[in-house]
Each structure stands twice: as C-alpha cells, then as structure tokens.
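The structure appears below as structure tokens.
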Amino acid sequence: MQREWPVRSDRRRFLQGLAGLGAALALRPVHAGCEPRRTRPIPGSDAAIPVIGMGTWLTFGIDPGNESALAQRTAVLRTLLEAGGGMVDSSPMYGTSEQVIGRCLQRIGHHRGLFGATKVWTTTARQGYVQMEHSKALWGLPRLDLMQVHNLLDWKTHLPNLFAMKARGEIRYVGVTTSHGRRHEELIGIMQRAPLDFVQFTYNVLDREAEQTLLPLARDRGMAVIVNRPFRRGALFEHIGNAPLPGWAAEIECDNWAQVLLKYIISHPAVTCAIPATRRVDHLRQNLGAACGVLPDAAMRRRIARHVADL
C-alpha cells in the first residue's frame, strides 16, 4: 500500500525564494567582528539558521562529572550562542552528549538562538517515543527544534510518528540522516517520497558524491541540508599536513584551512548548514569565521578541490 505523507504546500514559495538567495547573501554586510553572520532559510518556514553550526559526536561525550571538561564544553557552547546561536546537533548514540549539552545550557542560563537538533536511534514506535522524551529531558528544553531518524534506523516506523509530532507542535521539523557516505540510494528514495524538512549527510572537499544527486535533489525538493563530517573527523587536516595556506585564500577572506574547507561546503547553494564538531573555543571561532566574508564562486570551488586533492 502506498504511504500517504503530509503535503508541503509551501515548497514552491521556498524554491522561488531560493533563486535569489545567492545575491542576497552576497549583499549582506560584513565587517570587523563579522556581525551578522551569514544565515540560510529553512524551507517551509520564515526561520533561518547560521550556515555554521556544531556537531557533538565524541567532543561532548565526556564524563559529566569531570568539572574541567564540562567547563570547557560550556565555554564552547556559550561562545556559539553569543555569536548568534545556531544548529547544535546530537544523538542518543553519542554517549553522554545530550546530558552534557543540558548541563552546559543550565550553566549558561539561557538558550537564545539555539536550534536544538537530535535524533531517534532505536526501533519500534514505543521505544522511539520514550527515547525522544528522554532526549528532551536531557537537553532541558520544552521542545526540540529538529528530530531526525538516525542513519535511517527503522525510518518506516519513525517518520509517520515524527510528522504527527510536528503536526501537534511537539517538534518543529522532521529529518533523516546518514553518515560516512553510506546508504545514499535508500536516502534518495526517501527524499523522493517523503516531505522532509531536513536531510543530513556527509559532504566535504574530498567526499563529493553528494554533488551528483543528493544536493540537487534536496534543492529541487526544498529540503534543508545539514552537512556532517566536514573535516572527515580531522582526517582532512592530516591530509593537508603542514601545507601553507595558498595565496588565493585571501580572495575568499580565509585566515586558516578550516575556513577554506568550510567555505567550500557552504558555498554550494543547496547546503543550509555545516556542523563541524569541536571541544575548543579557538577552533570554534575559526569555524565561525567561515560564515563571514566572500564565498567561493564555481571557479574557486574547482580550484579548492584540485588543490586539496593534490596535496
């Protein structure tokens, strides 16, 4: 029997607006301190999120009783919020990550600008509901913004329930995720049938398979795209090694390799947000700098890809 999905009547309005997005971003004021930072709209809503968010896999999965480590993560999250907030992505799979996020938010005392995104990572509807309620309690929030089916686990069960939760106002957006470049064919099938708000998958300057189908499909379907593993969990920096920053990096206002790698990602018109993970405030500030200044055009994107591949 063919599954009936809720209708997204607002997609045409979003797609019409997308055509002018590049020009609007190019005209956005940028100055010392980079305020405001670049944002992109969420399809089907009047909301937008910064193009640089933050993942929490490994980096926030610490012992919550380790005072030094907890203070360090609190400083990272506070810095993100003070910079205008953005996507913070987690999952029950990430050990203590959600608990640590909640502890940090409690210490900060507010969550202005936060876009809380987590995942359901279990089987059966009942276990899914229990897990999602537990996640909300760990974050300490009355409502999470985005709930995603983690790595498509039991998605046929969870997606109808997530759409029902969205209709009741229990979550704002519905999404699915993959990682490591896996299960793209299955993801494509889901994207073609279901009116998802968000999709999340791996994309970076060396892992570019998403450019062939996933990114164009997300654009055509009016789905926001979250990019995970933008640095290949640090392996891209190992690949680059001690290579100096090329002179052309100044043309796109990059002070470091992290910004070059992130600007390659967010300059794709179908990408909404990249979520590099970090445990350090200085690295977070470098990442956030990618949301400022000039973005690479098509010619510069090709130049970046060739240069990194040849290192």
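Take the numbering used here: the final residue in the sequence shown is number 356, and no numbers are missing along the way.
All C-beta atoms, glycine included, are put in the ideal place defined by N, C-alpha and C.
Counting pairs of beta carbons, one from the stretch 298–312 and one from the stretch 114–126, are three or more of them closer than 8 Å?
Taking 8 Å as the limit for Cβ pairs, the verdict is that the stretch 114–126 does not touch the stretch 298–312.
Inter-stretch contact (C-beta, 8 Å, three-pair minimum) for the stretch 133–149 and the stretch 176–190
Cβ pair count under 8 Å is three or more, so yes.
With a 10 Å radius around its C-beta and 16 neighbouring C-beta atoms as the bar for buried, classify G98 as buried or exposed.
On the sequence shown, residue 98 is found 53 positions in, with the first residue counted as 1. That one is buried.
Compare the Cα-Cα distances from L191 to each of I233, P86, R217, Y139 and report the closest residue.
For this step, residue 191 is matched to residue 146 along the sequence shown. Nearest Cα to L191 within the set I233, P86, R217, Y139: R217.
Hey, I320 and M138: beta-carbon distance below 7 Å or not?
In the sequence shown, counting from the first residue as 1, residue 320 sits at position 275. In the sequence shown, counting from the first residue as 1, residue 138 sits at position 93. In this structure, M138 does not lie closer than 7 Å to I320 by Cβ.
Which residue from P109, N111, F243 puts its Cα closest to that of S90?
The count along the sequence shown starts at 1 and reaches residue 90 at position 45. Checked all of P109, N111, F243; the closest Cα to S90 is F243.
Taking the alpha-carbon of N332 as reference, which of A295, E296, F276 has the nearest alpha-carbon?
Taking the first residue of the sequence shown as position 1, residue 332 is located at position 287. If we check each option's Cα against that of N332, F276 comes out closest.
The stretch 258–270 contacting the stretch 335–348, beta-carbon criterion three pairs below 8 Å:
Touching, no, given that fewer than three Cβ pairs across the two stretches are closer than 8 Å.
Specify the secondary structure class of Q172 as computed by DSSP and reduced to three states.
Start at 1 with the first residue of the sequence shown, and residue 172 comes out as number 127. Reduced to three states, the DSSP call for Q172 is helix.
What are the start and end residues of the alpha helix (DSSP H) that includes R123?
To locate residue 123, count along the sequence shown from 1; it is residue 78. Per DSSP, R123 belongs to the alpha helix (DSSP H) from 112–127.
Inter-stretch contact (C-beta, 8 Å, three-pair minimum) for the stretch 257–266 and the stretch 274–294:
no
Alpha helix (DSSP H) containing V145: first to last residue?
For this step, residue 145 is matched to residue 100 along the sequence shown. Note, V145: alpha helix (DSSP H), 142–153.
DSSP has Y248 in a bridge; who is on the other side?
Counting from 1 along the sequence shown, the entry for residue 248 is found at position 203. Paired residue(s): none; Y248 is not in a bridge.
Which residues mark the beginning and the end of the beta strand (DSSP E) in which Q193 is found?
Taking the first residue of the sequence shown as position 1, residue 193 is located at position 148. Unbroken beta strand (DSSP E) run through Q193: 189–194.
Determine the DSSP secondary structure at A68, reduced to helix, strand or coil.
If you number the sequence shown from 1, residue 68 lands on position 23. Confidence at A68 is low in this model, with a pLDDT of 37, below 50, so its placement is unreliable and the value that follows should be read with caution. Residue state, collapsed to three classes: helix.
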